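Visitor:
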Amino acid sequence: MKKYDVYALGNALVDMEFEVSDDFLSKNGVEKGVMTLVDEERQHELMCQLDAFEGNKASGGSAANTVIALACFGGDAFYSCRVADDELGEFYMHDLHAAGVDSNLDGNRQPGVTGKCLVMVTDDAERTMNTFLGISGSLDSGDLDPDAIRNSQYLYMEGYLVSSPSGKQATLDARRIAREAGVKIALTFSDPAMVQFFREGLEEMVDDGVDLLFCNEAEALAYTQTETLPEAVAALKPLAKTFAITRGSQGALLYDGQQEIHIAPHPVKAIDSNGAGDMFAGAFLYAITRGDSFEQAGKLASLASSRVVSQFGPRLPKEEHAFLLDMV
């Protein structure tokens, strides 16, 4: 029996989330609705403008949010990442471990600046991210734990790593170790901007195919270069043995390798879309590694992600995960 349900690697970012207006984004030249990589000077400039807003702070990064969700449901996860030997790095390490996720961070923190992600949420619940990767941008294969990869049911690859040459190589090396050990491979496209600007790198991650793919509808259409969802589904089937396409207020479309399954949405008043896709993946991975069907996993994931968008912040209180399991 494997020790871990999921081994993931990704950017370690301290998420700092603020409620802002569309006017704020426009005045500060921030492109709405996507993740934009910025340098430290630009992020400091934005932080000065955000000083007047009240914000929340948590250990984050897309894959981190996913494995934290899985751990809160009761799963076992390992996360490879890189933070600096600074105050935010200390905060990140303790926050991650407090959530029940094992990592490579003990005794493995170097001088530098821990990465930060400014998450700006507007009244329509859209999330806009400006990210300074800091030391996370130098994540490399030395941050991997090959034994933990081999001792996992799934390797979960974060598409955001495609923007870093060393991070992308770490992902490819982790994929090779997983394949040799018979570990299933899951990939998330992460963001439409990754598909738009780093398509060739994502194709390297997909390589000869993945066992499970997570993406939203916009990412599916962009990656397959199609115009309709049925066309995108047909184009994804040769690339992924199974997949989950999230569709916001329209629920989700799953493919379990044999049939397509439509998962109904849970109507809620959306407050903040940040973390919805990460939660969907975490809940889904928890369910299938427990032996649930794709339909059962999709129902849990849809319910959990609807709870995330109905509150401020990318994660749910730990005690709420047990309540959601009881509901489904």
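Residue numbers (our numbering): 1063 to 1390. Cβ atoms here follow ideal geometry from the backbone N, Cα and C, with glycine treated the same way. The structure displayed is predicted, hence computed values, not measured ones.
Taking Ala1232 as the reference, give the member of Pro1254, Leu1206, Ser1252 and Ser1225 with the closest Cα.
Guide: Leu1206
Visitor: Check whether the stretch 1086 to 1101 touches the stretch 1260 to 1267, counting contact only when three or more Cβ pairs, one atom from each stretch, lie closer than 8 Å.
Guide: no
Visitor: Starting from Thr1190 and walking both ways along the beta strand (DSSP E), at which residues does that stretch end?
Guide: Arg1189 to Phe1194
Visitor: From the DSSP output, which residues share a beta bridge with Leu1316?
Guide: Ala1306 and Ile1323
Visitor: Does the Cβ-Cβ distance between Val1145 and Ile1197 come in under 9 Å?
Guide: yes
Visitor: Please state whether the Cβ-Cβ distance between Ala1126 and Leu1158 is less than 9 Å.
Guide: The answer is yes: Cβ separation under 9 Å.
Visitor: Would you list the residues sitting across from Leu1217 in a DSSP beta bridge?
Guide: Tyr1069 and Ile1247
Visitor: Could you round the C-beta distance between Lys1361 and Cys1134 to whole angstroms and report it? I think they count as a contact, below 8 Å.
Guide: Not confirmed; about 18 Å, so no contact.
Visitor: Whose CA, out of Tyr1317, Ser1142, Val1068 and Asp1186, lies closest to the CA of Ile1333?
Guide: Asp1186
Visitor: By DSSP, does Met1097 sit in helix, in strand, or in coil?
Guide: strand
Visitor: Take Pro1254 as the anchor and find which of Leu1071, Met1341, Asp1084 and Val1096 has the nearest alpha-carbon.
Guide: Val1096
Visitor: Please report how far the alpha carbon of Glu1081 lies from the alpha carbon of Tyr1348, in whole angstroms.
Guide: 30 Å
Visitor: Does the structure place the stretch 1070 to 1077 close enough to the stretch 1174 to 1189 that three or more beta carbon pairs sit under 8 Å?
Guide: The stretch 1174 to 1189 is in contact with the stretch 1070 to 1077.
Visitor: Hey, would you say the C-beta of Asp1185 is under 8 Å away from at least one heavy atom of the ligand COA?
Guide: This structure simply doesn't include the ligand COA, nor any ligand for that matter.
Visitor: Do you know how far the Cα of Thr1128 is from the Cα of Met1155?
Guide: 16 Å
Visitor: What does the alpha-carbon distance come out to for the pair Ile1323 and Ala1296?
Guide: 14 Å
Visitor: For Asp1147, count the other beta carbons within 10 Å of its own beta carbon; 16 or more makes it buried, fewer makes it exposed. Which is it?
Guide: exposed
Visitor: Assign Ser1121 to one of three DSSP states: helix, strand, or coil.
Guide: strand
Visitor: Going along the chain, which residues of its own chain have a beta-carbon closer than 8 Å to the beta-carbon of Gly1117, five neighbours each way excluded?
Guide: These residues qualify, in order along the chain: Met1078, Glu1079 and Phe1080.
Visitor: Rounding to the nearest angstrom, what Cα-Cα distance links His1328 and Ser1364 in this structure?
Guide: 7 Å
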